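> Encoded as C-alpha cells, here's the structure I'll be asking about.
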Amino acid sequence: MKIVVLHGQMHKGSTYNITKLFLDKFSDKNPEITEFFMPKHTPGFCVGCFNCFTKGEDACPHADKVQPVVKIMEEADLIILESPCYVFGMSGQLKTFLDHMGYRWMPHRPHEKMFSKIGLVISTAAGAGAKKVTKDLKNNLFYWGVPKTYCYANNVGASSWETVKPEKKRQIESEVTKLVEKISREVCNVRPGIKTKAMFRIMKLSQKSNDWNATDKEYWIKKGWLNGKKPW
Ligand SMILES: Cc1cc2nc3c(=O)[nH]c(=O)nc-3n(C[C@H](O)[C@H](O)[C@H](O)COP(=O)(O)O)c2cc1C
Numbered sequence: 000m001k002i003v004v005l006h007g008q009m010h011k012g013s014t015y016n017i018t019k020l021f022l023d024k025f026s027d028k029n030p031e032i033t034e035f036f037m038p039k040h041t042p043g044f045c046v047g048c049f050n051c052f053t054k055g056e057d058a059c060p061h062a063d064k065v066q067p068v069v070k071i072m073e074e075a076d077l078i079i080l081e082s083p084c085y086v087f088g089m090s091g092q093l094k095t096f097l098d099h100m101g102y103r104w105m106p107h108r109p110h111e112k113m114f115s116k117i118g119l120v121i122s123t124a125a126g127a128g129a130k131k132v133t134k135d136l137k138n139n140l141f142y143w144g145v146p147k148t149y150c151y152a153n154n155v156g157a158s159s160w161e162t163v164k165p166e167k168k169r170q171i172e173s174e175v176t177k178l179v180e181k182i183s184r185e186v187c188n189v190r191p192g193i194k195t196k197a198m199f200r201i202m203k204l205s206q207k208s209n210d211w212n213a214t215d216k217e218y219w220i221k222k223g224w225l226n227g228k229k230p231w
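Printed below as a string of C-alpha cells:
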C-alpha cells in the first residue's frame, strides 16, 4: 500500500504525533510512505495567473515544486492531509499548497486515479476548531474526486504533545486503532458513492457547454468523459 502524507507544519507537535501513530499502525501493511512537510515543500503563493486552468499545470510558475508532489499523490492508495488548527483554519502553508491544486478540482481537470483513493484528514486544536479544519481538508479531497475520506479531529487541550494528558493520549490511541482497522479494510477497494457520481455528472454537463476554457474542455473530450466514459 502506498501512503502519501502532506504535513501542514514542520514541527513535531500533537498533529504530527497523532499522524505518526496512524502511520505506525499501518505497519503490518508494509506501506511505502512518502512525506512532504509544509512549508519546506510548499510552492510560492499562488499568483492568480490562471495559467494552470487555461494553459495547463506545467505553465504554473511554481510547477517545479507542485508537480513532484502531485505525481506522488496520483500513485498513492491513501492520501493523508494534516494540519494543526490555526485560528479556525488549516495552516497557511498547507492552504498555499492546496490552492495550487485548483486545476485538479472536478469543475476543471480531475485525475481519474483520484476516484479510487481513500483520504484521511487529521487536525488538532487546543480547545475548538479541529473539526472545522478536517471539514475543509475533506472538502478539498472530495473535489479532487477522492470518494471516501476519514476525519480525525481532536481538541487536545494543550499547546504541545508533551503536555497532552496521559488519559487523553490513551483515548487518542484507541480511536486511531479503530480508524486504522476501518481504513485497512477499505483501502485499494473503494468506489465512488452517489455524491461523487452526482458531482461528476454536474461537472460533465458544465463541460458540455464549456465555451470559456478550451484546456479543460479538450481534457474532458480526450478522456472520453463527454461520451459516457467514466473515470472510475
Ligand atoms: C497561530 C495559532 C493559532 C491557533 N488557533 C487556534 C484555534 O483557533 N483554536 C484552538 O483551539 N487552538 C488554536 N491554536 C492552538 C493549536 O491549534 C493547538 O495547540 C494544536 O494542538 C497545535 O498542534 P501542533 O502541536 O501539531 O502544533 C492555535 C495555535 C497557533 C500557534
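All the letters of the sequence shown, read from the start, carry residue numbers 0 to 231 under numbering that gives the first Met the number 0.
Idealized CB from N, CA, C, for every residue including glycine.
All values reported here derive from a predicted model rather than from experimental measurement.
Can you round the beta-carbon distance between residue 41 and residue 84 to whole angstroms, since I take them to be within the 8 Å contact cut?
Not a contact, Cβ separation roughly 18 Å.
> Does residue 101 come out as helix, strand or coil in the three-state DSSP assignment?
Helix at residue 101.
> If you run the structure through DSSP and keep just helix, strand and coil, what is residue 39?
Coil at residue 39, not helix or strand.
> How long is the line joining the alpha carbons of residue 67 and residue 24, rounded to whole angstroms?
Using only the alpha carbons, I get a separation of about 27 Å.
> So for residue 153, helix, strand or coil by DSSP?
DSSP places residue 153 in strand when its eight states are reduced to three.
> Is residue 3 helix, strand or coil when you go by DSSP?
Three-state DSSP puts residue 3 in a strand.
> Following a CB-centred definition, is residue 58 positioned closer than 7 Å to any heavy atom of ligand 1?
Every heavy atom of ligand 1 is 7 Å or more from the Cβ of residue 58, so no.
> So what does DSSP say about residue 91, is it helix, strand or coil?
Of the three classes helix, strand and coil, the one that applies to residue 91 here is helix, per DSSP.
> Does the Cβ of residue 150 lie closer than 7 Å to at least one heavy atom of ligand 1?
No - ligand 1 has no heavy atom lying nearer than 7 Å to the Cβ of residue 150.
> Mind checking residue 206: buried by the 16 CB within 10 Å criterion, or exposed?
Buried is the call here.
> When a residue counts only if its C-beta is closer than 7 Å to some heavy atom of ligand 1, which residues count, in chain order?
Output, sorted by chain position: 8, 10, 12, 13, 14, 15, 83, 84, 85, 86, 87, 123, 124, 125, 126, 127, 128, 154, 155, 157, 158, 159, 160.
> Using the three-state DSSP reduction, which class does residue 67 fall into: helix, strand or coil?
Note: residue 67 maps to helix in three-state DSSP.
> Using only CA atoms, which one of 106, 55, 136, 3 lies nearest to residue 95?
Measuring from the Cα of residue 95, the nearest candidate turns out to be 136.
> What residue range is occupied by the uninterrupted beta strand (DSSP E) comprising residue 165?
Per DSSP, residue 165 belongs to no beta strand (DSSP E); it is in the alpha helix (DSSP H), 165 to 185.
> Could you check which residue in 210, 117, 157, 172 has the C-alpha nearest to that of residue 184?
Residue 184 has its Cα closest to that of 117, out of 210, 117, 157, 172.
> State the DSSP-derived secondary structure class of residue 13, mapped to helix, strand or coil.
DSSP places residue 13 in helix when its eight states are reduced to three.
> So, at 6 Å on beta carbons, what are the nonlocal neighbours of residue 43 in its own chain, with the 5 sequence-adjacent residues on each side left out?
61.
> Could you check the C-alpha separation between residue 128 and residue 88 for me, to the nearest Å?
Their backbone Cα atoms lie some 7 Å apart in a straight line.
> Whole angstroms are fine: how far does the CA of residue 28 sit from the CA of residue 2?
Whole-angstrom Cα-Cα distance: 11 Å.
> Ends of the alpha helix (DSSP H) at residue 53?
Residue 53 -> alpha helix (DSSP H) spans 50 to 53.
> Tell me where the beta strand (DSSP E) around residue 132 begins and ends.
No beta strand (DSSP E) contains residue 132, which is instead part of the alpha helix (DSSP H) from 129 to 143.
> Measure the beta-carbon distance from residue 105 to residue 199 and round it to whole angstroms, keeping in mind my assumption that it falls under 8 Å.
That pair is a contact at about 6 Å.
> Compare the beta carbon distance of residue 107 and residue 215 with 8 Å and say whether it is the shorter of the two.
The answer is yes: Cβ separation under 8 Å.
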